[in-house]
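Here the sequence shown stands for residues 1439 to 1733, where the numbers follow my numbering. Every residue, glycine too, gets a C-beta built ideally from N, C-alpha and C. Below is one structure, written out as structure tokens; the observations come after it.
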Amino acid sequence: GNLMVMSLSSPQWDHGGELKDITIKFPEMTQSQLADFTLTEGSTTVPLQDVAQIKRGFSPKEILRRDQVRLARITAQLTGGAALSQVIAQIKQYASTLVLPPTYRLDIAGDEQKRADSFRDLAFALALAVLLVYMVLAAQLESLLHPLVIICTVPLGIVGVVPLFFALGRSFNIMALIGVIMLAGIVVSNAIVLLDAVRQLRESGTPRREALLLAGQRRIRPIVITSLTTVLALFPLAFGFGAGAALRAPMALAVMGGLTASTLLTLVVIPCVYDTVEDWRERIVKKNDDKTSQS
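What follows is the structure, given as structure tokens:
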């Protein structure tokens, strides 16, 4: 690149109210040519060596910055089928033992930063999906309480995702999280079918506990069949072969594990949650009625 020579006294000049360094730029030349170089001002000729100290130095090939902070980049490639999450954990453990100067810090970027950003965005998408499902159920059931019972099936589905990935030795990646987001809209159907039957039985005069038992007996078959058909339909996607199969498999596995666990737990947990919530609601209504009668 071009050679830059700066005076040792760093003279400055005023430009628009701002002091700027005076820098002299020369075309490319050898050090011997630079030593013989002369400066001409009118009729006066001065050798460059008389006004500047010429010496050889070193500078970085490139200067990297991020957020106006200079940085040094250290890169590496994964080998031997190592999982990125495990390598990152080892790097963080090693980095915690380093003693850095006060003005230095160590950040992990690259694929790990993209992964963290993607997980944060998808976690927000999951929360938004649950909120939208709740809003739709609240409008359909004309209740703010019963949709909360149905939403309880979402964590029940997530309970089935973790053991399945652990048993198969698979890493939980972005595609798996997308499968969990899909679960938020799939697993609630079982609770909707069950609680709709409970609502119909209670409207016909059936006591609450008996309505829960009858609804479970009547709706267990359609709930199990619909869940089973969905799980079986995902088998080719989860254990298929060919290009892109490994990329799509975690999403299918997440849906399969979550739907299976949700189906089994919905028939047990949701009736209990519904019964408990109704107990609380009736107690609150009774207290309000007692206060009203006393007043």
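Beta-carbon to beta-carbon, Val-1711 and Val-1625 are separated by about 14 Å, too far to satisfy the 8 Å threshold. Assigned with DSSP and collapsed to three states, Pro-1485 falls in strand. The DSSP-derived three-state label of Lys-1499 is coil.
Looking at the DSSP output, Gln-1450 bridges to Asp-1459. When the alpha-carbon of Val-1484 is set against those of Ala-1490, Gln-1491, Thr-1476, the nearest one is in Thr-1476.
Partner residues in the beta bridge of Glu-1479, as assigned by DSSP, are Thr-1482. Considering only Ile-1616, Leu-1472, Gln-1655, Gln-1638, the residue with the shortest C-alpha distance to Asp-1559 is Ile-1616. Nearest neighbour of Asn-1628 by Cα position, chosen from Thr-1698, Ala-1563, Ala-1692, turns out to be Thr-1698. With 16 or more other CB atoms across the displayed protein chains lying within 10 angstroms of its CB, Val-1592 is buried.
It is roughly 20 Å from the alpha-carbon of Arg-1503 to the alpha-carbon of Asp-1555. Within the same chain, Cβ atoms closer than 7 Å to the Cβ of Met-1689 are found at Met-1613, Ala-1614, Ile-1616, Gly-1617, the five residues on either side in sequence being excluded.
As far as DSSP is concerned, Leu-1472 takes part in no beta bridge. By DSSP's assignment, Arg-1508 forms a beta bridge with Arg-1503.
Gly-1595 sits in a helix when the DSSP states are folded into three classes.
Only residues of its own chain outside the window of five on either side were considered, and among them Thr-1513 have a CB closer than 8 Å to the CB of Gly-1548, listed in chain order.
Each of Arg-1494, Asp-1459, Arg-1647 was checked against the Cα of Leu-1472, and the nearest Cα belongs to Arg-1494. Three or more beta-carbon pairs separated by less than 8 Å are not found between the segment 1716-1728 and the segment 1600-1611, which leaves the two stretches without contact. Across the structure, Ser-1523 and Val-1600 are spaced so that their CA atoms are roughly 16 Å apart.
Under a 10 Å Cβ-count criterion, Thr-1535 is classified as exposed, with fewer than 16 other Cβ atoms of the shown protein chains found around its own Cβ. Listed in chain order, the non-local C-beta contacts of Gly-1623 below 7 Å within the same chain comprise Ala-1567, Val-1571, local neighbours out to five positions each way being set aside. A residue is called buried once 16 or more other Cβ atoms fall within 10 Å of its Cβ, and Gly-1455, having fewer, is exposed.
Rounded to whole angstroms, the separation of the alpha carbons of Val-1574 and Leu-1705 is 22 Å.
Contact annotation: Ala-1653 and Val-1636 have beta-carbon atoms nearer than 8 Å. The Cβ-Cβ distance between Arg-1646 and Arg-1640 falls below 8 Å. For the 8 Å CB-CB criterion, Ile-1661 and Leu-1621 do not form a contact.
The segment 1663-1693 contains no complete beta strand (DSSP E) run of 3 or more residues.
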